[in-house]
Each structure stands twice: as C-alpha cells, then as structure tokens.
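Numbered by our numbering, the letters in the sequence shown go through residues 59 to 393 in order. Note sheet for the following structure.
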Amino acid sequence: MQKENLLTGDRPTGKLHIGHYIGSLKKRVELQDQFNSFIMIADQQALTDNARNPEKIRNSLTEVVLDYLSVGIDPLKSNIFVQSQIPELNELTMHYLNLVTLSRLKRNPTVKNEMKEKKFGERVPAGFLIYPISQTADITAFKTSVVPVGEDQIPMIEQANEIVKTFNTTYNQNILYKSKALLPRKGLGRLPGTDGKAKMSKSLDNAIYLSDSPDTIRKKIMSMYTDPNHVHINDPGQIEGNTVFTYLDAFCSDTDQLLKLKNHYQKGGLGDVKIKNYLNEIIQSELEPIRNKRQDYQNNMDYVYDVLKKGSENARSIATDTLFDVRQAIGINYF
Ligand code: TRP
C-alpha cells in the first residue's frame, strides 16, 4: 500500500528545546515509519518577521538540523529540506494569493495573535500577513494528507483547506488535496518554561535546550518553579501548576512511582529538592545520547549539509510536478 504523505516543519529562529522534543520531535521519529515524511526547515517563513536579521535565521538553520538528526529523525526515512531552496513554493503562493481576500488574511487567529505580540499594527510586513498562504503552498506542494502540528497551527490547516477547495472549484480540477492536523497527545502540547510561564523562550531564559550541557540542565531544573506555598517540607504541596510535576508527567515513564511521589508531595513530607533531583536524573539520561549524537554530527558538517542539499533537491522535484499541474489547471502553460 502506498504510504500517505506527511509534512511538518519549524521556523529556524533558535535551537530546539525539550518542549519541541516532547511536543513534536519524538512523535516525528515514530511517524517516519508510517508515513512518507517531509520535514521542512521554514527559513522563508522565519524571514517574514526577520528580514533584517537573516544571520539569525541562517545560524539557527544549522542548529535545527543538528537537533533533528540527533533526536533520530533519519534522512533515509524523512525527507529533510530547506524551504527557501524550493522557489516553486513561491509561485504556488502567488497563484493562491489571488484566491484569498485581504479580510480573510486579517482574520486568521494565529496571525492576529502574533501581530499583537509583535506589536505590528498596520506596519505588519506584507509577507508576514500572507505567510499562511505560503504555508498552504508548502502543504499542497507535497500532496500532504497529514500535518503534525501544535494547536496554534489549526487555523493554518483550515485556511489551506479553504484554498484547496476554492482552487479545485475555480479551475474545475481535483488536483489539490485537503489535509488534516495531527495534534500532540493531551498534556504534551505545550510544556511550560522552567519558571512556570506558559511558553519557553530564549528571551525569558526559561527553556532547556537539547544541546544544553549536563551542568546547565541541572541548574535550570534546580531553579524550577514549584509550589510557592510549599515552604516547609512537611507542608502539603500542590501538583497542579507545579512545573516539576508537569515535566515529570511528560518525561517519567514509571507511572506507579510518579503516582507515589505525587501522593507523598500532596500529603507533605517530600521536599522540592528530592523531586527536582528525580526529574534531573530522568532528563539527563534522556538527553545524554542526544547530546552525544549531536556532537558527532557537528564534527561532520559536510554530511549534514549534504542531507539538506539532497533533501531539498528531492523536495524540489515534487514541488515542480505540483506547480506544473497548477499551471496546467489555470491554463498558463502557454508554450
Ligand atoms: N508555521 C509553522 C510553525 O510556526 C511552521 C511551518 C511552516 C509549517 N510551513 C509549514 C508546519 C507546513 C507544518 C506544515 O511552527
């Protein structure tokens, strides 16, 4: 049976952290056996709000591909490629842009949120406002049926599916396919920062990176946000909103032991240092082999670039076929 196509990707705006690992990378490694997998480094999308900062994107691209390879995304099973190396995606974007209104673009809730966060207002870069349409090009170019993403990306898939429908009815051809979002399991979607804030980010310095040293990881875990009212060991402690337990839920596979710890903590008598040490052990043993593999790849950057180059060539040939069909449907393959 022919495997279905899967596409997902990341904007290269920094190194990947354990939130990415728990929320998406681990799952991608599982899915690469089931699907014909395409993993895209969305550098062009990252440039939509970093046009004056291209070196940040360029440097992050290397970090992201090292992170991919070190967690076990296997280039023999997953086609890893770089968005900007596939110019056909831009032409697809242009054709799709004619099928969407400005008001629809402004209504995309994820874009709206980001615009607020970035305080763009009317000074939003046009490229940023239209990035969901470029994402539609990404999704359709590879005849994708499954898109593993976080919840914030659901509006992108909806918008892509709208365009697919409009395109197919407008040109009376069924050449573009609809796709479905594949969401992370409950509780794994968004790991909070070590300070308990909703989002891990570089500027808040509250993220544990896959490439962090053992010492850095330990320090970050030891300074984690727990229950501010758990002052004395014997006080009853809270599990909800306690970052150490949120992380244990995501990382600890010994559910019996975890349940015991939770009960003990809630009753009182279990100190924060103990649970932090336990979490530290688990995370260290999970990240150690990843860090070692990362080092190996880093010593072999020729191979890493070769993966990206071959992956991009392969992706480009598929996007070229889709673009041909799209031009054919519109009727502009004149000669
Ligand atoms: N918008 C996605 C993010 O910010 C990245 C992305 C770009 C993507 N193109 C994609 C994800 C296509 C899935 C499919 O995470």
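Where a beta carbon is used, it is the ideal one built from N, C-alpha and C, also for glycine. No experiment lies behind these values; they were computed from the predicted model shown.
- Per DSSP, the unbroken alpha helix (DSSP H) holding K170 starts and ends at P167 to E175.
- Relative to E346, the option among G389, R276, D314 and V362 whose CA is nearest is R276.
- For the pair G72 and L65, the Cα-to-Cα distance works out to about 21 Å.
- Inter-residue distance for G185 and T313 is about 46 Å (C-alpha atoms, whole angstroms).
- Here N94 is buried: its Cβ has 16 or more other Cβ atoms, across all protein chains shown, within 10 Å.
- In the three-state reduction of the DSSP assignment, L105 falls in the helix class.
- At least 8 Å separates the beta-carbon of I341 from that of S128.
- C-alpha of G130 to C-alpha of T198: approximately 26 Å in a straight line.
- DSSP links V365 through a beta bridge to no other residue.
- By the Cβ neighbour-count rule, G389 is exposed, with fewer than 16 other Cβ atoms within 10 Å of its own.
- M282 and F309 have their C-alpha atoms spaced approximately 15 Å apart.
- Here K61 has Q92, F93 and N94 as same chain residues with Cβ atoms under 8 Å from its own Cβ, once five neighbours each way along the sequence are excluded.
- If you compare the alpha carbons of D270, S161, I376 and I188 with that of E121, the shortest gap goes to D270.
- By DSSP's assignment, L150 forms no beta bridge with any residue.
- In this structure, the C-beta of L127 stays at least 7 Å away from each heavy atom of the ligand TRP.
- Annotation for K332: the continuous alpha helix (DSSP H) segment containing it runs D330 to Q356.
- Looking at the DSSP output, D68 bridges to I99.
- By the criterion of a C-beta distance shorter than 7 Å, I138 is surrounded in its chain by I97, V123, Y126, I131, V365, L366 and G369, once the five residues flanking it on both sides are discounted.
- Across the set I291, E209 and S343, the C-alpha of E209 shows the shortest separation from the C-alpha of P167.
- Bridge pairing for N94: N63 [DSSP].
- Between the alpha carbons of K164 and A104 lies a distance of about 19 Å.
- In summary, T284 is buried, with 16 or more beta-carbon neighbours lying within 10 Å of its beta-carbon over all protein chains present.
- Remark: the C-beta of I197 is in contact range of the ligand TRP, defined as less than 7 Å to any heavy atom.
- For the pair V384 and N321, the Cα-to-Cα distance works out to about 59 Å.
- Distance from the Cα of T228 is smallest, within the candidate group N292, H153 and K170, for H153.
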